[in-house]
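Protein chains: 2
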Amino acid sequence: MNSIRQRFSTIRHFVLYGVALALLVFVLKWLHWKFLITDLAAELYTGLIAVFFTILGIWVARQLGRSSSTPGAAEVDTIPLPPTGDKINMVELEKLQLSPREYEVLQLLARGYSNADIAATLFLSVSTVKTHVSRIFVKLDVKSRTQTLEKAKRLNIIE
Amino acid sequence: MNSIRQRFSTIRHFVLYGVALALLVFVLKWLHWKFLITDLAAELYTGLIAVFFTILGIWVARQLGRSSSTPGAAEVDTIPLPPTGDKINMVELEKLQLSPREYEVLQLLARGYSNADIAATLFLSVSTVKTHVSRIFVKLDVKSRTQTLEKAKRLNIIE
DNA sequence: CGCAGAATGGTACCAAAGTATGACACTCAT
DNA sequence: ATGAGTGTCATACTTTGGTACCATTCTGCG
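Residue numbers (the working numbering), protein chains in the order written: chain W, 17 to 175; chain A, 17 to 175.
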């Protein structure tokens with residue numbers, strides 16, 4: 017519950033969601049009108065709705081997935097992590113006191129992402145990524161991203 | 017694309033996907049017929065398609081989400097993950113055609129060593145280490161040491 | 001309300017990583 | 001002996017990573 021509230025707590029998210037919904041209604045109305053004119057549009061109608069809602073579903077899943085992958089979030093909202101082989105060491109993870117955002121960055125870091133990659137993925141500036149990464153270094157007591165990877169792998173705090 | 021293939025590699029996935037598609041076609045056909053009878057069904061038609069594809073989108077996202085990582089280079093791996101335990105995957109290791117010295121460097125690299133660290137450990141100059149590392153990058157098809165670590169971990173070619 | 005903490009972003013600067021290219025010596029098999 | 005492969009090292013250059021310091025905005029809490 018908290019994580020959902022947290023996700024949509026910023027104004028930006030509300031605006032984005034609103035715009036998306038408005039766009040959806042608009043497209044549906046337009047398609048509906050178009051649909052009444054010619055029968056050929058029926059297939060197009062179906063197809064477009066399918067594509068739109070598939071993308072919407074992906075987006076929803078990603079939104080939910082983000083909040084479910086944060087540490088310290090005691091309650092996970094309905095969506096459990098997909099069956100991963102080895103479990104993440106939550107004990108060690110809690111010890112590090114990483115913020116949710118920092119853990120997100122850490123996960124991308126562990127996949128070999130560059131700062132620019134992380135920035136692009138999370139829609140951040142490189143500056144912000146650097147800030148997060150630096151804080152991660154302090155909390156993990158390491159001096160480089162390769163050491164971070166090694167330690168994260170050793171502590172088993174990433175999938 | 018390859019990650020998708022990887023996801024659908026098991027027979028169970030094929031069966032599930034086939035059943036889902038068959039069900040979809042059936043429902044669509046039925047709804048289409050129903051639609052010709054009464055105009056009220058149009059809204060239901062749209063709604064059901066929307067719900068179905070939203071769920072499909074969520075499913076797709078969750079299938080792709082946890083394993084597909086596309087850093088800047090946008091290169092995809094064809095290698096199926098070997099479910100080996102702790103032993104080093106000699107098969108993959110041989111494929112890479114790393115020279116003995118290169119493998120030595122790789123092992124230190126995987127421990128989070130900097131180029132200077134590696135040079136000091138192996139009694140080499142930093143230049144030499146850089147050369148080795150560059151060749152490792154080419155053979156592993158990566159662009160940075162963090163990507164190297166990630167891939168080496170995934171291929172299970174280091175301890 | 002005011003404050004702490006999280007998240008974001010910026011500038012400036014230095015260190016490290018990475019690329020490109022060339023060179024030299026050694027081994028080993030054809 | 002010749003060429004391929006390896007290992008070594010160098011210079012010059014570009015890119016990325018990392019640190020330090022500061023500012024702004026938003027949220028949660030007492």
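Idealized CB from N, CA, C, for every residue including glycine. Keep in mind the model is a prediction, meaning the values are calculated, not measured.
Name the chain A residues whose beta carbon is nearer than 9 Å to that of residue 120/W?
By Cβ distance, chain A contributes nothing, its closest Cβ being about 13 Å from residue 120/W, past 9 Å.
Measuring straight from C-alpha to C-alpha, what distance separates residue 104/A and residue 111/A?
When rounded, the distance between both Cα atoms is 13 Å.
Answer with yes or no whether the minimum CB distance from residue 150/A to chain W is below 8 Å.
Answer no: the Cβ-Cβ gap between residue 150/A and chain W never drops below 8 Å.
With a CB to CB cut of under 7 Å and the five nearest residues on each side skipped, what residues in its chain are close to residue 136/A?
There are no such residues.
Give the interface partners of residue 109/W over in chain A, defined as CB-CB distance under 8 Å, in chain order.
Here the premise fails: no neighbours, minimum Cβ distance about 17 Å.
For my contact list, residue 155/A and residue 114/A are in at a C-beta cut-off of 8 Å; report their separation, rounded to the angstrom.
Residue 155/A to residue 114/A, Cβ: 6 Å. Contact.
Does DSSP put residue 117/A in a helix, in a strand, or in coil?
It is helical.
Excluding the 5 residues preceding and the 5 following residue 118/A in the sequence, name in chain order all residues of the same chain whose CB lies nearer than 8 Å to its CB.
Cβ neighbours of residue 118/A beyond the five flanking positions: 148, 151, 152, 155.
Do you know how far the Cα of residue 121/W is from the Cα of residue 164/W?
Computed Cα separation, rounded: 12 Å.
Check each candidate in 130/A, 123/A, 142/A, 143/A and name the one with the smallest Cα separation from residue 158/W.
Out of 130/A, 123/A, 142/A, 143/A, 130/A has the C-alpha closest to the C-alpha of residue 158/W.
Closer than 8 Å, CB to CB, is residue 163/A near chain W or not?
For residue 163/A, the answer is yes, since a Cβ of chain W falls inside 8 Å of its Cβ.
List, in chain order, every chain W residue whose beta-carbon is nearer than 7 Å to that of residue 146/A.
What residue 146/A touches in chain W: nothing, since even the nearest Cβ is about 15 Å away.
DSSP three-state label for residue 152/A, please.
Reduced to three states, the DSSP call for residue 152/A is helix.
Report the rounded CA-to-CA distance for residue 143/W versus residue 133/W, giving the unit in angstroms.
Going by the C-alpha atoms only, they are around 12 Å apart.
With respect to the alpha helix (DSSP H) encompassing residue 135/A, which residues constitute its N-terminal and C-terminal limits?
Residues 131-138.
Would you report the Cα separation of residue 138/W and residue 126/W, rounded to the nearest angstrom?
Taking the straight line from one Cα to the other gives about 15 Å.
From what residue to what residue does the alpha helix (DSSP H) around residue 158/W run?
Unbroken run through residue 158/W: none, as it is neither H nor E.
Residue 161/W to residue 162/A, Cα distance in whole Å?
Whole-angstrom Cα-Cα distance: 7 Å.
Of all Cβ atoms in chain A, is any one closer than 8 Å to the Cβ of residue 14/W?
No answer is possible for residue 14/W: the residues shown for chain W start at 17 and end at 175.
Can you give the Cα-Cα distance for residue 173/W and residue 124/A, rounded to whole angstroms?
The straight-line gap from Cα to Cα measures roughly 21 Å.
Counting along the chain, where does the alpha helix (DSSP H) carrying residue 108/A start and finish?
Here the alpha helix (DSSP H) through residue 108/A covers 106-112.
For residue 145/W, which residues of its own chain have a beta-carbon under 7 Å away from its beta-carbon, when the five flanking residues on both sides are left out?
121, 131, 134, 135.
What is the rounded straight-line gap between the Cα of residue 169/A and the Cα of residue 106/W?
Roughly 21 Å between the two C-alpha positions.
Can you look up residue 166/W in the DSSP assignment and give me helix, strand or coil?
Three-state result, residue 166/W: helix.
Among residues of its own chain, excluding the 5 on either side of residue 109/A, which ones have a beta-carbon nearer than 7 Å to its beta-carbon?
Taken in chain order, the residues that qualify are 173.
I want to see whether chain W comes within less than 8 Å of residue 155/A, judged by CB atoms only; does it?
Output row for residue 155/A: interface = no.
Quick one: what's got a C-beta closer than 8 Å to residue 141/W's C-beta in the same chain, skipping five residues either side?
Contacts found: 135.
Please report the distance separating the alpha-carbon of residue 128/W from that of residue 128/A.
Approximately 13 Å, taken between the alpha carbons.
Can you look up residue 143/A in the DSSP assignment and give me helix, strand or coil?
Here residue 143/A sits in helix by DSSP.
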